[in-house]
Amino acid sequence: MQNGKRIGLRQCSLRTHYSVLSTLHSSFLHFLQRAAGVTERIHVSQSAENTLALGERIGRAAMPGDVVALFGGLGAGKTVLAKGILRGLGGDPDDAASPTFTLLRQYPARLLLHHFDAYRLAAPRELLDIGAEEAFYGDGICVIEWAERVLEVLPADRLEVHLQVSGESLREVRLSAAGPRADALLNRLGL
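Quick note: to get the numbering used here, add 2 to the position in the sequence shown (first position is 1).
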């Protein structure tokens, strides 16, 4: 208290609080991964087209059974990256949309793309209830938006893509390979 007035935190929107918590969570995960010797690359995306192109590169390099976990706040570019992955697999990126309300969309391409969105899930196990486990170990590729919400049920071997807004159209994209399969995918990208 100062002069009888209460000093509190500045009023912030729920979106701001979530964004801050997401960033702190990502930073902590980054620390743990580096301590465990996880392979990592940093990419700076200067536009949505650049993010789409990075996704396309991931899609071209993807092999059956690859899992790509996307992290980042609202508007960070997760869906744009997923559209690029679909394009890299030979699918039409215009077909791809955020699966927020349906939780899962599947797109046939060179490999079947299972596009999950964990934003509205109440508990991580709900991802398994909609068929994620079969998809994780199947012949397609899995892309999971809002992966931080379902970490405990994701395969340990996955490519983690952390997107962070660093300007109006700038994104810092940190790609971390957790496991040998993800490490091979990251190396095929040639970043």
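Note that CB positions come from ideal geometry on N, CA and C, so glycine has one too.
For the pair VAL82 and LEU113, the CB atoms are not nearer than the 8 Å cut-off.
Going by C-alpha positions, LEU105 is about 20 Å away from LEU165. Secondary structure of ASP119 (DSSP, three-state): strand. LEU76 counts as exposed, since fewer than 16 other beta carbons sit within 10 angstroms of its beta carbon. Collapsing the DSSP output to three states places VAL70 in a strand. Looking only at GLY67, PHE118, GLY57, LEU153, the smallest Cα-Cα distance to PRO182 is reached by GLY67. About 19 Å separates the Cβ atoms of VAL155 and LEU115, ruling out a contact at the 8 Å cut-off. A direct Cα-to-Cα measurement between ALA134 and VAL69 gives close to 11 Å.
Closest option to GLU162, judged by alpha-carbon separation, among GLY93, ILE132, GLU147, PRO110: GLU147.
With 16 or more other CB atoms across the displayed protein chains lying within 10 angstroms of its CB, SER47 is buried.
Within the same chain, Cβ atoms closer than 6 Å to the Cβ of HIS117 are found at ALA84, PRO101, ARG107, VAL145, the five residues on either side in sequence being excluded.
Inter-residue distance for LEU56 and GLY86 is about 7 Å (C-alpha atoms, whole angstroms). For SER178, DSSP records a beta bridge to GLU42, GLU162. Counted as a single uninterrupted DSSP element, the alpha helix (DSSP H) harbouring ARG59 occupies residues 50 to 63.
Assigned with DSSP and collapsed to three states, GLU147 falls in strand.
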